[in-house]
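Q: Order-wise, the sequence lines are chains C and G. Here the first sequence is numbered in this note's numbering, starting from 44 and rising by one per residue. Here the second sequence is numbered in this note's numbering, starting from 4 and rising by one per residue. Glycine included, C-beta positions come from ideal geometry on N, C-alpha and C. Before anything else, here's the structure in question.
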Amino acid sequence: QKEVEQNSGPLSVPEGAIASLNCTYSDRGSQSFFWYRQYSGKSPELIMFIYSNGDKEDGRFTAQLNKASQYVSLLIRDSQPSDSATYLCAGWGSNSGYALNFGKGTSLLVT
Amino acid sequence: DGGITQSPKYLFRKEGQNVTLSCEQNLNHDAMYWYRQDPGQGLRLIYYSQIVNDFQKGDIAEGYSVSREKKESFPLTVTSAQKNPTAFYLCASTQRPGTEAFFGQGTRLTVV
């Protein structure tokens with residue numbers, strides 16, 4: 044079982060809408076989680092990180108962590124065409140040694 | 004500016020040839036990583052190093068080799084034993100476990 048799972052999409056949302064991206068993880072020892080945005084042919088760039096249960100907001104982005112359900116999400120408000128990219132969820136955990144474990148990514152298309 | 008530099012940006016390999024991808028960082032990070040990304044896939048860990056002169060295999064280390072002789076440098080060699088090396092290779096570093104990974108701009112390797 045892969046440690047970090049994401050729906051590959053594509054997720055299509057209209058401009059101005061809220062995009063909701065989800066991620067589940069299998070390692071209950073995971074402590075910190077990261078959302079990266081990756082444009083085609085480019086390297087990933089950090090959007091948000093979250094360590095504690097609950098919500099964390101930064102501008103149009105909100106990361107949510109629920110450790111009991113082993114669930115991480117990223118909400119993008121007022122979606123813009125420039126938000127169209129692949130979003131990678133990643134986590135550290137007791138089973139991942141000393142490296143970030145990445146999901147396969149969710150492709151987001153803002154139309 | 005601090006960051007991670009990968010070179011070259013594009014690399015072409017002939018069948019049976021070894022090639023080396025360069026990764027240099029000036030962030031003073033102890034830990035460095037190599038990931039491979041195939042189309043539509045996430046990042047898969049090849050090798051990582053927590054400290055100079057020490058490195059560990061990741062999930063897909065077969066056909067690859069690394070060295071860590073200096074804190075700033077973590078080159079990856081794709082050997083002829085790697086039968087399907089065409090992919091996007093990403094080098095990363097972290098300040099300490101549990102924190103964000105910083106990435107280089109990547110090297111796209113193609114077998115010709």
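In chain C, which residues lie with their C-beta within 8 Å of the C-beta of Ala53/G?
A: A quick correction: the sequence has Gln, not Ala, at residue 53/G. Within 8 Å Cβ-Cβ: Tyr141.
Q: Does Gly101/G have its Cβ less than 7 Å from a Cβ in chain D?
A: No chain D appears in this structure, whose protein chains are C and G.
Q: Can you find a CB in chain C that lies within less than 7 Å of the CB of Ala116/G?
A: Summary: the structure shown does not reach residue 116/G, with chain G confined to residues 4 through 115, and so no result is reported for it.
Q: With H, G and I counted as helix, E and B as strand and the rest as coil, what does DSSP make of Asp156/C?
A: A question about residue 156/C goes unanswered here, because the residues of chain C that appear run from 44 up to 154.
Q: Comparing alpha-carbon positions, which option in Gln123/C, Tyr141/C, Glu48/C, Tyr94/C lies nearest Ala62/C?
A: Gln123/C
Q: State the DSSP-derived secondary structure class of Asp126/C, mapped to helix, strand or coil.
A: Helix at Asp126/C.
Q: Counting C-beta neighbours from all protein chains within 10 Å, is the total for Phe76/C 16 or more, i.e. buried, or is it exposed?
A: By the neighbour-count rule (16 or more Cβ atoms within 10 Å), Phe76/C is buried.
Q: What residue range does the beta strand (DSSP E) around Arg111/G cover?
A: 110-114
Q: Which class does Arg99/G belong to by DSSP, given the choice of helix, strand or coil?
A: coil
Q: Kindly say whether Phe106/G, judged by its beta-carbon, lies nearer than 7 Å to any beta-carbon of chain C.
A: Yes, contact with chain C.
Q: Between Leu152/C and Pro53/C, how many whole angstroms is the CB-CB distance? I'm expecting something under 8 Å.
A: 5 Å
Q: In the DSSP assignment, the beta strand (DSSP E) including Gln49/C goes from what residue to what residue?
A: 47-49
Q: Pull up the distance between the alpha-carbon of Ser86/C and that of Cys94/G, whole angstroms please.
A: One C-alpha to the other measures close to 9 Å.
Q: Determine whether the beta carbon atoms of Ala64/G and Ile54/G lie at a separation below 7 Å.
A: no
Q: Starting from Arg71/G, follow its DSSP beta bridges and name the residues at the other end.
A: Paired residues: none, contrary to the question.
Q: Might you give, ordered along the chain, the residues of its own chain that have their beta carbon closer than 8 Å to the beta carbon of Thr113/G, omitting 5 neighbours on each side?
A: Tyr13, Leu14, Phe15, Arg16, Thr89
Q: Within its chain, find whatever has a CB closer than 7 Å to the CB of Asp62/G; leave out the 5 residues flanking it on each side and keep chain order.
A: Around Asp62/G, the same chain offers Arg47, Leu48 as residues with beta carbons nearer than 7 Å, after the five sequence neighbours per side are excluded.
Q: Thinking just about the alpha-carbon of each residue, which of Ser51/C, Asn109/C, Arg103/C, Tyr82/C is nearest to the one in Gly97/C?
A: Asn109/C
Q: DSSP puts Asp57/G in a beta bridge; with which residues?
A: According to DSSP, which records beta bridges pairwise, Asp57/G is partnered with Ile54/G.
Q: Taking CB distances under 7 Å as the criterion, tell me whether Gly109/G reaches chain C.
A: Interface annotation, Gly109/G: in contact with chain C, CB-CB separation under 7 Å.
Q: Checking contacts by CB at 7 Å: is Gln44/G closer than that to chain C?
A: So, interface residue.
Q: Give me the Cα-Cα distance between Ser69/C and Ser125/C, rounded to the nearest whole angstrom.
A: Rounded to whole angstroms, Ser69/C to Ser125/C spans 31 Å at the Cα level.
Q: Can you tell me the Cα-Cα spacing of Gln81/C and Leu131/C, whole angstroms?
A: 7 Å
Q: Quick check: is the beta carbon of Tyr92/G nearer than 7 Å to any beta carbon in chain C?
A: no
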